[in-house]
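Comments concern the structure below.
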Amino acid sequence: MEPTSELLLDVRHLSKTFPLKKSKTNKAPSFKAVDDVSFQVFKGETLGIVGESGSGKSTVAKMILQLLEPTNGEIYFLGQNLANQSKATKRRMQAVFQDPYASLNPRMRAKEIVTEPLILHKQLNKKNRDDKALELLHEVGLSEQHLNRFPHEFSGGQRQRLSIARAIALKPDLIICDEAVSALDVSIQAQILKLLKSLQTSYGLSYIFIAHGLPTVKQLSNRVAIMHKGKIVEIGETNDIFQSPKHTYTKSLLKAVPPSHPRDRHKPSIGG
Ligand SMILES: Nc1ncnc2c1ncn2[C@@H]1O[C@H](COP(=O)(O)OP(=O)(O)OP(=O)(O)O)[C@@H](O)[C@H]1O
Ligand SMILES: [Mg+2]
């Protein structure tokens with residue numbers, strides 16, 4: 000699906016300041032993790048966000064997901080200020096994180112994991128659980144044999160498929176993928192990216208796709224935002240960013256050769 004001109008998410012002058020430990024010389028120290036960040040995401044679009052560790056990417060994601068309160072700025076979702084919204088808009092935004100171990104309940108079976116959001120939102124009763132669970136597992140390339148398995152009984156790639164099935168259960172408008180493929184082998188990454196792309200078409204989804212490196216976001220992103228020290232230093236069409244980067248930091252990101260194996264990256268691999 001091609002991005003449309005329908006505005007989905009409008010992030011305006013977003014900032015987040017974290018308090019730091021007091022010292023003798025500084026009674027109210029603080030750290031600005033996100034500094035006046037603005038961007039928009041349109042329906043059907045994928046916006047990549049790239050930047051080194053600590054640049055503020057996840058902090059932006061958490062504020063959009065309402066897991067963290069902004070220090071300054073506003074987030075508009077379908078024209079509504081999130082600060083004034085009830086939980087109803089929450090289901091329209093979902094997330095897939097790097098480590099499914101941290102986000103999937105280890106004591107729940109696959110069928111419970113993927114249908115729990117529907118039951119919590121009273122869109123499904125437990126009687127129909129297996130049918131719906133199987134439908135969702137099929138959507139992400141898993142099958143009937145996986146219905147009763149626990150998270151630890153899946154491979155890393157399959158576990159990420161499970162997270163994606165749970166994320167699409169409520170038919171959201173936006174999914175934030177925060178390093179969703181970063182811990183996986185390159186070949187498994189490619190499969191997950193392909194799955195995300197096909198779900199985007201069938202569900203009309205928008206994505207915010209967060210990663211350390213430009214190569215990871217290139218395939219999926221219509222536009223890319225480059226974050227550095229809490230700020231967006233450059234944002235533009237993916238091709239423009241790759242062919243004529245304006246900011247020195249973007250140029251340095253393009254020169255950096257990514258390590259070829261997840262094992263060589265700074266975050267531990269959880270296997271394929
Ligand atoms: N709850 C918190 N309290 C204090 N500082 C925090 C908190 N959360 C994040 N930070 C700091 O804010 C900065 C940005 O963190 P964030 O997690 O957004 O970076 P990131 O770009 O997602 O990095 P990574 O690529 O490693 O995931 C970091 O310096 C981090 O230490
Ligand atoms: Mg992060």
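Residue numbers (numbering that gives the first Met the number 0): 0 to 271. Here a beta-carbon is modelled for each residue, glycine too, at the ideal position from N, C-alpha and C. All figures in this text were calculated on a predicted structure; none of them were measured in a lab.
Residue i vs residue j beta-carbon contact at 8 Å
i, j, result
"V232", "I240", "no"
"N135", "L146", "Inspection of the sequence shows that residue 135 is occupied by Leu rather than by Asn. Not closer than 8 Å, so no."
"M92", "I74", "no"
"D98", "K230", "no"
"L252", "L192", "no"
"L81", "P116", "no"
"L173", "I207", "yes"
"F96", "L8", "no"
"S14", "K26", "no"
"V49", "V185", "no"
Whole-angstrom distance between residue j and residue i, CA atom to CA atom
i, j, result
"S37", "K228", "15 Å"
"V216", "K23", "44 Å"
"A189", "G155", "13 Å"
"K266", "K250", "Per-residue confidence for K266 stands at a pLDDT of 46, beneath the threshold of 50, marking its modelled position as unreliable; the derived number appears in the next sentence. One C-alpha to the other measures close to 24 Å."
"G47", "L123", "33 Å"
"S220", "E44", "8 Å"
"C176", "G55", "15 Å"
"I273", "K125", "Absent from the model: residue 273. The displayed extent of the chain is 0 to 271, so no value can be given."
"K254", "T237", "16 Å"
"E152", "S57", "28 Å"
Inter-residue CB distance, residue i and residue j (contact presumed, cutoff 8 Å)
i, j, result
"T114", "A132", "5 Å"
"K42", "S205", "6 Å"
"P150", "R158", "6 Å"
"L19", "S29", "6 Å"
"E138", "A109", "Wrong, their Cβ atoms sit about 13 Å apart, outside the cutoff."
"A210", "S181", "6 Å"
Reduced DSSP category for residue i - H, G, I as helix; E, B as strand; rest coil
i, result
"N127", "helix"
"I269", "Bear in mind that a pLDDT of 42 at I269, under 50, signals an unreliable position, so the number given afterwards is only what the model happens to contain. If DSSP states are grouped into helix, strand and coil, I269 belongs with coil."
"M107", "coil"
"V180", "coil"
"S29", "strand"
"D272", "Only positions 0 to 271 of the chain appear in the structure, and residue 272 is not among them; the question remains open."
"Q190", "helix"
"F149", "coil"
"K15", "strand"
"K230", "strand"
"E134", "helix"
"I57", "The sequence shown places Ser at residue 57, rather than the Ile named in the question. If DSSP states are grouped into helix, strand and coil, S57 belongs with the helices."
"G50", "coil"
Check: residue i C-beta below 7 Å from any heavy atom of ligand 4
i, result
"K56", "Ligand 4 is not part of the structure shown, which contains ligand 1 and ligand 2 as its ligands."
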